[in-house]
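Residue numbers (this note's numbering), protein chains in the order written: chain A, 6 to 354; chain B, 6 to 354.
A short write-up of the structure that comes next.
2 protein chains.
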Amino acid sequence: MNLKDLSNILGLSQTTVSRALNGYPEVSEATRLKVQEVARAHNYSPNARAKRLATGRSMTIGHILPVSKKHEMVNPVFADFIAGAGEVYSENGYDLLLSVVDDENEAESYRSLAMRGAVDGIVVHGPKVDDARIALLQDLDMPFVVHGRSSHVKSDYSWVDVNNRRAFERATGFLMDLGHNRIAMLNGLADMDFAVRRTIGYEAALKAGNIVPDPELMCFGEMTENYGFEVCRKLLELPDPPTAMVVSSIIPAIGVRRALGGAGLKIGRDMSVVSHDDDLSYFRNTGDFPAFTAVRSSVREAGRRVASALINMITGREEGPHQEMLEVELTVGQSTGPAPAMRRAMQQR
Amino acid sequence: MNLKDLSNILGLSQTTVSRALNGYPEVSEATRLKVQEVARAHNYSPNARAKRLATGRSMTIGHILPVSKKHEMVNPVFADFIAGAGEVYSENGYDLLLSVVDDENEAESYRSLAMRGAVDGIVVHGPKVDDARIALLQDLDMPFVVHGRSSHVKSDYSWVDVNNRRAFERATGFLMDLGHNRIAMLNGLADMDFAVRRTIGYEAALKAGNIVPDPELMCFGEMTENYGFEVCRKLLELPDPPTAMVVSSIIPAIGVRRALGGAGLKIGRDMSVVSHDDDLSYFRNTGDFPAFTAVRSSVREAGRRVASALINMITGREEGPHQEMLEVELTVGQSTGPAPAMRRAMQQR
DNA sequence: TGTGTTTATCAAAGCGCTTTGAATAAATCA
DNA sequence: TGATTTATTCAAAGCGCTTTGATAAACACA
Numbered sequence: 006m007n008l009k010d011l012s013n014i015l016g017l018s019q020t021t022v023s024r025a026l027n028g029y030p031e032v033s034e035a036t037r038l039k040v041q042e043v044a045r046a047h048n049y050s051p052n053a054r055a056k057r058l059a060t061g062r063s064m065t066i067g068h069i070l071p072v073s074k075k076h077e078m079v080n081p082v083f084a085d086f087i088a089g090a091g092e093v094y095s096e097n098g099y100d101l102l103l104s105v106v107d108d109e110n111e112a113e114s115y116r117s118l119a120m121r122g123a124v125d126g127i128v129v130h131g132p133k134v135d136d137a138r139i140a141l142l143q144d145l146d147m148p149f150v151v152h153g154r155s156s157h158v159k160s161d162y163s164w165v166d167v168n169n170r171r172a173f174e175r176a177t178g179f180l181m182d183l184g185h186n187r188i189a190m191l192n193g194l195a196d197m198d199f200a201v202r203r204t205i206g207y208e209a210a211l212k213a214g215n216i217v218p219d220p221e222l223m224c225f226g227e228m229t230e231n232y233g234f235e236v237c238r239k240l241l242e243l244p245d246p247p248t249a250m251v252v253s254s255i256i257p258a259i260g261v262r263r264a265l266g267g268a269g270l271k272i273g274r275d276m277s278v279v280s281h282d283d284d285l286s287y288f289r290n291t292g293d294f295p296a297f298t299a300v301r302s303s304v305r306e307a308g309r310r311v312a313s314a315l316i317n318m319i320t321g322r323e324e325g326p327h328q329e330m331l332e333v334e335l336t337v338g339q340s341t342g343p344a345p346a347m348r349r350a351m352q353q354r
Numbered sequence: 006m007n008l009k010d011l012s013n014i015l016g017l018s019q020t021t022v023s024r025a026l027n028g029y030p031e032v033s034e035a036t037r038l039k040v041q042e043v044a045r046a047h048n049y050s051p052n053a054r055a056k057r058l059a060t061g062r063s064m065t066i067g068h069i070l071p072v073s074k075k076h077e078m079v080n081p082v083f084a085d086f087i088a089g090a091g092e093v094y095s096e097n098g099y100d101l102l103l104s105v106v107d108d109e110n111e112a113e114s115y116r117s118l119a120m121r122g123a124v125d126g127i128v129v130h131g132p133k134v135d136d137a138r139i140a141l142l143q144d145l146d147m148p149f150v151v152h153g154r155s156s157h158v159k160s161d162y163s164w165v166d167v168n169n170r171r172a173f174e175r176a177t178g179f180l181m182d183l184g185h186n187r188i189a190m191l192n193g194l195a196d197m198d199f200a201v202r203r204t205i206g207y208e209a210a211l212k213a214g215n216i217v218p219d220p221e222l223m224c225f226g227e228m229t230e231n232y233g234f235e236v237c238r239k240l241l242e243l244p245d246p247p248t249a250m251v252v253s254s255i256i257p258a259i260g261v262r263r264a265l266g267g268a269g270l271k272i273g274r275d276m277s278v279v280s281h282d283d284d285l286s287y288f289r290n291t292g293d294f295p296a297f298t299a300v301r302s303s304v305r306e307a308g309r310r311v312a313s314a315l316i317n318m319i320t321g322r323e324e325g326p327h328q329e330m331l332e333v334e335l336t337v338g339q340s341t342g343p344a345p346a347m348r349r350a351m352q353q354r
């Protein structure tokens with residue numbers, strides 16, 4: 006059942022039928038109803054391929070999921086982000102094209118998507134401090150929104166980011182208020198933009214309390230559970246180990262807890278941990294007294310924001326670059342407690 | 006730059022240029038080289054929208070990501086599965102269309118994808134024991150492959166599944182060999198096909214050792230970290246608590262470990278845990294002595310298998326339903342140990 | 001030399017829609 | 001009443017490819 010068949014059945018021209026179904030005003034209400042009814046009865050759906058060619062729009066947004074060739078690592082945040090973005094796409098009649106590509110030939114993948122006309126816009130995931138994709142997409146004249154930012158890129162572009170600097174400043178400050186002064190940082194890969202911003206926040210908090218950041222306590226790596234485990238083990242072996250740490254994601258924080266358990270230590274008592282929490286659906290760190298003290302933001306919501314910003318750009322509903330900052334909230338959970346010295350002082354009373 | 010422009014530049018017809026680029030034999034080698042060279046020089050890419058209309062194929066595979074409306078839960082396995090499937094799609098020139106839809110109107114989503122001609126095939130995720138999607142897709146005449154199976158569906162269809170029954174039979178048997186006889190099971194939602202098969206395996210192992218399955222020890226739920234935590238806490242409060250458990254995913258297993266830690270118990274000593282491990286990239290349960298004893302299978306590999314099976318069906322390279330069973334491997338890690346009675350016996354020696 | 005085959009190329013139709021520009025019928029105005 | 005809008009409808013062109021069927025040139029064979 007295509008448009009031709011349908012219009013033959015109705016005894017109308019394809020023009021009229023098409024207009025009736027697409028809500029154009031130059032069709033009488035009577036025929037519109039008739040058309041809709043008959044279309045439904047024969048359950049007609051316009052062919053997407055033909056529609057896309059005719060309109061020149063693909064009604065599709067591209068997401069590129071880079072998979073690190075070395076570690077075969079997939080960003081665990083991705084699924085929840087996509088879930089948020091996907092909601093918005095559905096509501097607006099867009100499809101989501103997902104391109105899985107090893108991180109080495111990512112650029113080629115963007116170029117292909119654009120030149121083939123396969124998508125109307127692109128979402129950029131996981132920006133590096135100096136990310137070449139932004140210039141590339143500007144060059145290709147492809148609408149795009151970055152989830153995050155790229156510090157070294159000076160041009161204007163659209164982004165939705167969480168306030169990473171403030172998040173880690175608050176997390177670190179919170180630990181200092183508890184009396185900690187040896188605070189480690191377990192961050193993501195050093196070339197990721199979020200990692201850089203979080204480092205800045207961490208250092209700012211320390212400096213505000215007159216603590217000189219100790220490079221030995223600042224760690225960067227791919228945020229797996231095992232990374233948290235290994236780093237924590239090494240930190241515990243230091244002559245002057247930290248009493249607290251800020252961690253870039255709940256996943257390595259779980260590794261940290263495992264390492265502590267293995268050493269007979271208890272999280273929250275022997276080691277305070279504040280985690281950044283992307284609010285993953287399978288790991289809800291909630292409740293009255295959640296497992297982890299955390300600075301939380303919803304990736305899912307970020308997905309929604311990015312998607313609607315992009316659609317607004319494509320449809321021309323929004324002019325100029327869309328730049329949006331999301332704030333985190335600090336939730337106190339079971340993974341933090343007073344520093345040892347402070348605890349002793351409290352016990353003496 | 007479109008085909009018309011390109012053929013004008015070359016002084017050839019669109020037919021010849023199209024054929025030259027698509028590797029048809031009725032073009033002389035000389036002109037083919039010339040065409041390829043000029044196409045590259047002007048970096049021409051054929052318009053995907055036009056190509057799809059002309060060929061009648063969309064060169065796109067659909068994946069539907071159902072998001073439970075209640076819990077906003079996204080299957081954590083999804084990202085890794087997609088990563089595997091995506092590799093295969095890229096190699097074969099297919100795009101991946103991802104449709105995020107709340108689990109209530111999932112059927113509508115499949116129907117739409119098929120009727121609009123947006124995809125050439127569909128991958129079915131997370132089949133229920135009695136899954137209506139299979140009949141629906143057969144009805145729509147849409148090629149599809151199920152990741153998993155649907156026990157109550159009697160028709161022939163293509164699937165790639167892991168041997169869930171055997172996995173849990175082995176896991177349970179392993180614990181029994183260690184002397185455990187109060188073994189709990191933390192499974193997924195009871196209507197999921199994999200959960201049913203795993204239950205069968207669990208019960209078979211118990212019965213083989215003359216243990217009557219205790220309904221009190223058999224739990225079903227959405228596999229979040231918190232689920233593992235809560236269930237483990239409740240189990241510990243039983244008058245006759247289990248000494249071991251088999252868990253359907255590493256994620257709730259982490260919750261179990263947390264609950265044990267909170268009760269001052271140690272995993273592997275006070276409670277033995279064997280987990281099903283989908284080998285998530287951000288949670289590599291590997292090494293000489295991994296954190297969890299587990300029955301492991303690679304979701305990523307499953308993604309690859311499903312994708313190539315589907316492409317083979319679409320292109321007609323493979324006839325008849327593709328049915329493929331993947332076996333798990335059992336890896337002994339730190340989360341299991343002898344049952345208390347056995348340990349006492351060992352210590353007396 | 002003429003006939004049949006193979007090779008290389010092309011013009012044009014077609015994929016199933018949207019959209020332009022024209023045509024007709026109905027309604028409004030002077 | 002005729003002239004002018006306005007409301008509906010339509011035929012046909014176009015989106016940028018692929019593919020069919022035709023044609024011309026080159027080659028082979030007797």
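For glycine and all other residues, C-beta sits at the position ideal for the given N, C-alpha and C.
None of these values were measured; they are calculated from a predicted model.
**Nonlocal neighbours in the same chain, by C-beta distance under 8 Å from residue 90(B), ignoring five residues either side** = 66, 68, 101, 128, 308, 309, 311 and 312
**Asked** Any Cβ of chain B within less than 7 Å of the Cβ of residue 79(A)?
**Response** yes
**Cβ shell of residue 246(A) (< 8 Å), same chain only, five flanking positions each side left out** = Cβ neighbours of residue 246(A) beyond the five flanking positions: 187 and 240.
**Request:** Express the C-alpha separation of residue 163(A) and residue 190(B) in angstroms, rounding to a whole number.
**Result:** 48 Å
**Beta-carbon gap between residue 248(B) and residue 344(B) smaller than 7 Å** = yes
**Asked** Between the region 248-279 of chain B and chain A, which residues of the former have CB atoms less than 7 Å from a CB of the latter, in chain order?
**Response** 256, 259, 263 and 266
**Helix, strand or coil at residue 195(B) according to DSSP, with G and I counted as helix** = coil
**Prompt:** Are residue 122(A) and residue 52(B) closer than 7 Å when you measure CB to CB?
**Reply:** yes
**Request:** State the start and end residues of the unbroken alpha helix (DSSP H) segment that holds residue 84(A).
**Result:** 83-96
**Alpha carbon of residue 15(A) to alpha carbon of residue 48(A), nearest angstrom** = Between residue 15(A) and residue 48(A), the C-alpha separation is close to 14 Å.
**Prompt:** Within this structure, are the beta carbons of residue 194(A) and residue 227(A) separated by less than 7 Å?
**Reply:** At the C-beta level, residue 194(A) and residue 227(A) come within 7 Å of one another.
**Residue burial classification, residue 155(A) (beta-carbon count within 10 angstroms, cutoff 16)** = buried
**Message:** Run through the DSSP bridge pairs and tell me what residue 224(B) is partnered with.
**Reply:** According to DSSP, which records beta bridges pairwise, residue 224(B) is partnered with 191(B).
**Message:** Checking 7 Å against the spacing of the C-beta atoms, do residue 79(B) and residue 72(B) come in under that value?
**Reply:** yes
**Item:** residue 216(A) (DSSP reduced to helix, strand or coil)
**Value:** Residue 216(A) falls in the coil class under three-state DSSP.
**Prompt:** Is any beta-carbon of chain B found at less than 7 Å from that of residue 20(A)?
**Reply:** no
**Message:** According to DSSP, simplified to helix, strand and coil, what is residue 182(B)?
**Reply:** DSSP places residue 182(B) in the helix class (H, G or I) of the three-state scheme.
**Message:** Distance check for residue 332(B) and residue 217(B), CA to CA, integer angstroms please.
**Reply:** Their Cα atoms are separated by approximately 27 Å.
**Asked** How would you list, in chain order, the residues of chain A whose beta-carbon sits under 7 Å from the beta-carbon of residue 147(B)?
**Response** Neighbours of residue 147(B) on chain A: none; closest Cβ ~13 Å, over 7 Å.
**Request:** Measure the alpha-carbon distance for residue 297(B) versus residue 339(B) and round it to whole angstroms.
**Result:** 6 Å
**Asked** Does DSSP put residue 248(B) in a helix, a strand or coil?
**Response** Looking at residue 248(B) - three-state DSSP - the assignment turns out to be coil, as it is neither helix nor strand.
**Own chain, CB closer than 7 Å to residue 337(B), minus 5 neighbours either side, in chain order** = Excluding sequence neighbours, residue 337(B) sits near 298.
**Item:** Straight-line gap, residue 300(B) to residue 257(A) (C-alpha atoms, nearest Å)
**Value:** 23 Å
**Prompt:** Can you list, in chain order, the residues of its chain whose CB lies under 7 Å from that of residue 124(A), leaving out five sequence neighbours each side?
**Reply:** 63, 65, 66, 67, 102 and 118
**Asked** Hey, how far is the Cα of residue 4(B) from the Cα of residue 108(B)?
**Response** Chain B is shown from 6 up to 354; residue 4(B) falls before or after that span and cannot be answered.
**Request:** Out of 184(B), 274(B), 323(B) and 281(B), state which residue places its alpha-carbon closest to the alpha-carbon of residue 204(B).
**Result:** Closest by alpha carbon: 281(B).
**Item:** Closest residue to residue 334(B) among 303(B), 350(B) and 19(B) (Cα-Cα distance)
**Value:** Relative to the Cα of residue 334(B), the nearest Cα in the group 303(B), 350(B) and 19(B) belongs to 303(B).
**Asked** Under a CB-based cut-off of 7 Å, is residue 123(A) close to chain B?
**Response** yes
**Message:** Using the Cβ count rule (16 or more neighbours within 10 Å means buried), how would you classify residue 13(A)?
**Reply:** exposed
**Asked** At a Cβ cut of 7 Å, what residues of the region 278-304 of chain B count as close to chain A, listed as they run along the chain?
**Response** Per Cβ criterion, the list reads 286, 287, 288, 289 and 296.
**Prompt:** Taking residue 3(B) as the reference, which of 243(B), 255(B), 242(B) and 207(B) has the closest Cα?
**Reply:** The question about residue 3(B) has no answer, for chain B in this structure spans 6 to 354.
**Request:** Please classify residue 320(B): is it buried, with 16 or more other beta-carbons within 10 angstroms of its beta-carbon, or exposed?
**Result:** By the 10 Å Cβ count, residue 320(B) comes out exposed.
**residue 263(A) - partner residues in DSSP beta bridges** = Residue 263(A) pairs with nothing; no bridge assigned.
**Message:** Taking 7 Å as the limit between beta carbons, can you name the residues of its chain near residue 265(B), skipping five residues before and five after?
**Reply:** Taken in chain order, the residues that qualify are 237, 271, 272, 275 and 276.
**Asked** Of the residues 168(A), 184(A), 20(A) and 192(A), which one's Cα is nearest the Cα of residue 328(A)?
**Response** Comparing Cα positions, the closest option is 168(A).
**Prompt:** Given a limit of 9 Å on CB to CB distance, which residues of the region 32-53 of chain A reach chain B?
**Reply:** 48, 49, 50, 51, 52 and 53
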